[in-house]
Amino acid sequence: MSSQASHGRELAAAFIPAEIEAPLDQKWVDAGYFTADAASTKEPFTIVLPPPNVTGVLHIGHALDQTLQDCLSRMKRMKGFEVLWLPGMDHAGIATQNVVEKQLGSQGKSRHDLGREAFVAKVWEWKAESGGAILDQMKRMGSGVDWTRERFTMDEGMSNAVVSIFKKMYDTGLIYRAERIINWCPRCLTALSDIEVEHSDDAGELVSIRYGEGDSAIIVATTRAETMLGDTAVAVHPEDERYKHLIGSTVEVPLVNRHISIVGDEHVDPAFGTGAVKVTPAHDVNDFEIGQRHNLATIVILDAEGRVIGTNTAFDGMDRADARKAVVEALRAEGRIVAEKRPYIHAVGHCSRCDTTIEPRLSKQWFVKVAPLAQASADAVRNGSVKIEPVALEPRYFEWVDNMHDWCISRQLWWGHRIPVWYGPAGEVVVVGPGESAPAGWTQDPDVLDTWFSSGQWAFSTMGWPDKSADLVKFYPTSVLVTGYDILFFWVVRMMMMSIFAMDGVPPFKTIMLHGLVRDQFGKKMSKSRGNVIDPIEFMDKYGADALRFTLARGANPGTDQALAEDWIGGSRNFATKLWNATRFAMMNGAHVNGDLPAFDSLNDIDRWILSRLNETVAEADSLLESYEFSRACELIYHFAWDDLCDWYLELSKETFASADKASSQRVLGHVLDQLMRLLHPVMPFITEELWCTLTGGESLVTAQWPVADKSQVDKQAEKVVASLQEVVTEVRRFRNDQGLKPSQKIPGRFSGNKDVVSYQSALRSLLKIETSDFTPSATLEIAGTTIELDLTGSIDVVAERARLEKDLATAQKDQKTAEVKLGNEGFMAKAPTEVVVEIRERLAKTTSEIERITAALAALK
RNA sequence: GGGUGGUUAGCUCAGUGGUAGAGCGCCUCGUUUACACCGAGGAUGUCGGGGGUUCGAAACCCUCACCGCCCA
368 MSSQASHGRE LAAAFIPAEI EAPLDQKWVD AGYFTADAAS TKEPFTIVLP PPNVTGVLHI
428 GHALDQTLQD CLSRMKRMKG FEVLWLPGMD HAGIATQNVV EKQLGSQGKS RHDLGREAFV
488 AKVWEWKAES GGAILDQMKR MGSGVDWTRE RFTMDEGMSN AVVSIFKKMY DTGLIYRAER
548 IINWCPRCLT ALSDIEVEHS DDAGELVSIR YGEGDSAIIV ATTRAETMLG DTAVAVHPED
608 ERYKHLIGST VEVPLVNRHI SIVGDEHVDP AFGTGAVKVT PAHDVNDFEI GQRHNLATIV
668 ILDAEGRVIG TNTAFDGMDR ADARKAVVEA LRAEGRIVAE KRPYIHAVGH CSRCDTTIEP
728 RLSKQWFVKV APLAQASADA VRNGSVKIEP VALEPRYFEW VDNMHDWCIS RQLWWGHRIP
788 VWYGPAGEVV VVGPGESAPA GWTQDPDVLD TWFSSGQWAF STMGWPDKSA DLVKFYPTSV
848 LVTGYDILFF WVVRMMMMSI FAMDGVPPFK TIMLHGLVRD QFGKKMSKSR GNVIDPIEFM
908 DKYGADALRF TLARGANPGT DQALAEDWIG GSRNFATKLW NATRFAMMNG AHVNGDLPAF
968 DSLNDIDRWI LSRLNETVAE ADSLLESYEF SRACELIYHF AWDDLCDWYL ELSKETFASA
1028 DKASSQRVLG HVLDQLMRLL HPVMPFITEE LWCTLTGGES LVTAQWPVAD KSQVDKQAEK
1088 VVASLQEVVT EVRRFRNDQG LKPSQKIPGR FSGNKDVVSY QSALRSLLKI ETSDFTPSAT
1148 LEIAGTTIEL DLTGSIDVVA ERARLEKDLA TAQKDQKTAE VKLGNEGFMA KAPTEVVVEI
1208 RERLAKTTSE IERITAALAA LK
């Protein structure tokens, strides 16, 4: 054990993640490293955590999201920024209400049994007991958020902000109430916004129905036959020759015997079906618009729970699905079914919370007029004040903000921010802002606001808006938003709109960094039904948080999905173990960080080489991380650590560390590990902290300085020397292997030729098990200008050696031919850049001499 | 139907004009005092098909096929 280790600590022989991770997270939180200071003079770096649902548990997507955010915030902190990473949760209106309703249901009760006030109290109670499990799970990951600033979308400050914003938007004319077709969930009994509806291709039916008789008959097709009970027109394209003569006439709707008009509308696609469509303005968005254009009546035929009502037919009281069948049967009995296609695969909307089929429904709701806000949000990206990474995802963003419908924000729920609108006895409407109160006797709108209305304010309400708080001044706008592309429209666009509105046109973030989804090892979506869900907690227990984080970061190419398999997490754990063992070995050999680095020029080639590689790695990794190229950065650091440092530097230096002349190398190795741990810390915070503190005696990497590349330590000459050493080692190993020599078997040999190589022969001898003694060479290898004569104690395996040489010869001949063809190509010689021509010439010379060498060796084998 | 991404080694994916790469898996050898969660060596690709641009194409253009995602 070296006396140089200044702190007297040793590393355990085996790396066990569980033993180091939990105490370290506690150490960081206790030290207050993650608590941001609004009074700091440092440049701010802000990230707001996309708030998970209060009902949520940590899934692999959160793990990825948080790994990337933690990685950025840790790096920026090390770079000297005042970092705020603000955590919190979303009250998740429908989801949370459903959870508590389900609980009540198991006791045979409904929310109506409790009444509104008691039910909401019950939800708060649930939150206190069971909500927010995800926050504890975040700690397990090492996510360095500022817990002192944790927020909840329903807490007092945010609720206050929600009311302020509502009033401000109402006063500006951006919020209005109107009767529209909205998405209605007949199970949740509430309106939903477009984004809360998920479309899937379902097997339905397409039924063609004949309306009217004889020459004036017209055939329409529908997937929802029951809606014909509410038809108030048939529409055709105004230029459609087949129907032109019918426009303006009327036709009778079967079963209800109502006469409706045939209208001409540009919206109708003459090529679809028969070119004639039935129009049900109360139950279809497009039909509603046609109805508006032609002043059609709207007839509501379904109640809130999706049952037929008010048609004065036998269908009244039937559920929509039953009614559909019954209506078709009745029509068939009348001989009006012209064609039926079953199954007919078409897109059907489902409630994103309970999967019930959505019913378009005419009802009075509150809306946000999005046009001006969406325009401003689009402009912010178009004019470059907000950047989207990767740029390739910009079109998706524009597709949305440029074609946005008004946003339905009222929900017929109890859990959420109640709409601050009060109605007077004579139908007066007033918005009651914070600190204000409604006149006595007025009643408040019963609905609550869409959850996204409050989470859309996450970037500024969490910092104290509408007060001009110190946090808001210091940390707004946020630096980067890290989130999956799947909620670009759900949340990101809403954040843009709300923030630009509330913060006088200043967008909520400078950069939107979008990552993809985590999928299973075959690229399939994870789902409970497939049984391919990877639980991050389970795998952190098994392999450590660092291993999970490294795997996720390494797989994170900008904007694209990644596949994940347990084996790969195991691979990352192996990497952590490698780092542990390498550091332990280094410390056993006296690696340390005391005093200045020896003068660069005084170092041997191997030390200069590893420093050179270190500085190249630092420079490149930094630039990759700054451009959100997590995968490439991880890949780069991984190969530097494992290949350059462990496989080559440590192996080539073992002789040095066993010699008296080791002082410089001990300091160099300490420095390389010190810098490597800093570089890896954002991705693998636990193991790097443990190793770095043990090696250097420092307090914490969290507050240590980020490495800066030193160009003066990049040494191409040393890299060339080591490349030659590597070539010699690899080729001799290959020769030994082909000759069937055991790895441990020592053989006599000598080196001559290339002075750089020969001067490191003691290291080579040790690596290649070549001993010095008098002998008669039975094999001679020529590698990198070096002659290596070996004694294989008698005869060598000629067949194996011939095979090896012939393989090398074939490769060399192929390369030679490629080079010759190029150099013989006039076009190439005339147009290719000089450096490429030079390179090919060198390649030709090299392959030619290789061929001579191998040919001679083959001849000598006989 | 509109938009958009993809098709590279057995699997999952990097690679935006100059001799095809990684991880995992596979085969062979190995109890060398950091590490078997390891080391050494090895096999495996007409880079989806066709056409074009170029001295040169996995990469750029056109086209076809197939897969995916978002939206309607």
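Letter by letter, the first sequence follows residues 368 to 1229 of our numbering. The beta-carbon is built from N, C-alpha and C at its ideal position, and this holds for glycine as well. It should be emphasised that the depicted structure is a prediction, and the values quoted were computed from it without experimental measurement.
Cα-Cα separation between residue i and residue j, rounded to whole angstroms
i: Lys1113; j: Leu1134; result: 11 Å
i: Ala1227; j: Asp1028; result: 42 Å
i: Asp989; j: Ala1000; result: 8 Å
i: Glu1217; j: Glu1209; result: 12 Å
i: Thr594; j: Ile755; result: 44 Å
i: Glu983; j: Ala953; result: 22 Å
i: Gly423; j: Glu761; result: 29 Å
i: Phe382; j: Gln393; result: 19 Å
i: Val450; j: Thr878; result: 16 Å
i: Gly1152; j: Thr918; result: 41 Å
i: Asp432; j: Ser846; result: 16 Å
i: Ser497; j: Val467; result: 11 Å
i: Trp947; j: Lys1122; result: 36 Å
i: Asp463; j: Thr402; result: Residue identity differs from the one stated: residue 463 is Thr in this sequence, not Asp. Going by the C-alpha atoms only, they are around 30 Å apart.
i: Glu563; j: Leu1040; result: 50 Å
i: His365; j: Pro806; result: Only positions 368 to 1229 of the chain appear in this structure, which leaves residue 365 out of reach.
i: Ser1032; j: Pro418; result: 49 Å
i: Ser440; j: Gly922; result: 19 Å
i: Asp769; j: Ala745; result: 7 Å
i: Thr539; j: Tyr610; result: 46 Å
i: Val694; j: Phe682; result: 8 Å
Beta-bridge pairing of residue i - partner residues as DSSP gives them
i: Gly460; result: In the DSSP output, where bridge partners are listed per residue, Gly460 has none listed.
i: Glu1156; result: Arg1117 and Thr1147
i: Asp686; result: Arg674
i: Leu451; result: Thr413
i: Thr878; result: Lys754 and Val847
i: Trp789; result: Val797 and Gln811
With 16 other Cβ atoms within 10 Å as the buried cut-off, status of residue i
i: Cys721; result: exposed
i: Asp503; result: exposed
i: Leu556; result: exposed
i: Thr1023; result: buried
i: Thr1070; result: exposed
i: Ser510; result: buried
i: Thr850; result: buried
i: Asp1010; result: exposed
i: Phe1118; result: buried
i: Pro710; result: exposed
i: Thr434; result: buried
Assumed close pair residue i, residue j - CB separation to whole angstroms, cut-off 8 Å
i: Pro792; j: Gly808; result: 6 Å
i: Thr1055; j: Leu1062; result: Actually they do not touch by this definition, with Cβ atoms about 10 Å apart.
i: Tyr852; j: Met870; result: The pair is not a contact, with the Cβ atoms about 24 Å apart (cut-off 8 Å).
i: Thr810; j: Tyr790; result: 6 Å
i: Ala958; j: Leu1036; result: 4 Å
i: Trp452; j: Asp513; result: 6 Å
Residue from the options whose Cα sits closest to the Cα of residue i
i: Ser730; options: Ile549, Glu484 and Val1096; result: Ile549
i: Asp812; options: Asp432, Ile383 and Val796; result: Val796
i: Pro801; options: Ser939, Leu1043, Phe533 and Lys835; result: Phe533
i: Phe1081; options: Ile501, Val985 and Leu596; result: For clarity, residue 1081 is Val in the given sequence; the question names Phe instead. Closest by alpha carbon: Val985.
i: Ser1145; options: Leu839, Gln1106, Ser1129 and Lys945; result: Gln1106
i: His713; options: Trp767, Arg591, Gln888 and Leu1019; result: Arg591
i: Ser628; options: Cys438, Gln779, His882 and Ile585; result: Ile585
i: Asn1248; options: Ala1130, Leu425 and Thr539; result: Missing from the structure shown is residue 1248; the chain here goes from 368 to 1229 and no further.
i: Pro390; options: Lys506, Leu378, Asp404 and Gly498; result: Lys506
i: Thr1185; options: Arg660, Pro1110, Thr1215 and Ile1163; result: Thr1215
i: Trp976; options: Leu992, Gly938 and Leu1017; result: Leu1017
i: Cys552; options: His626, Arg674, Leu981 and Thr1154; result: Arg674
i: Ala1076; options: Asp1041, Asp1141 and Leu981; result: Leu981
i: Ser407; options: Glu1219, Arg544, Val840 and Met521; result: Val840
i: Phe412; options: Lys476, Glu1206, Ala430 and Cys438; result: Cys438
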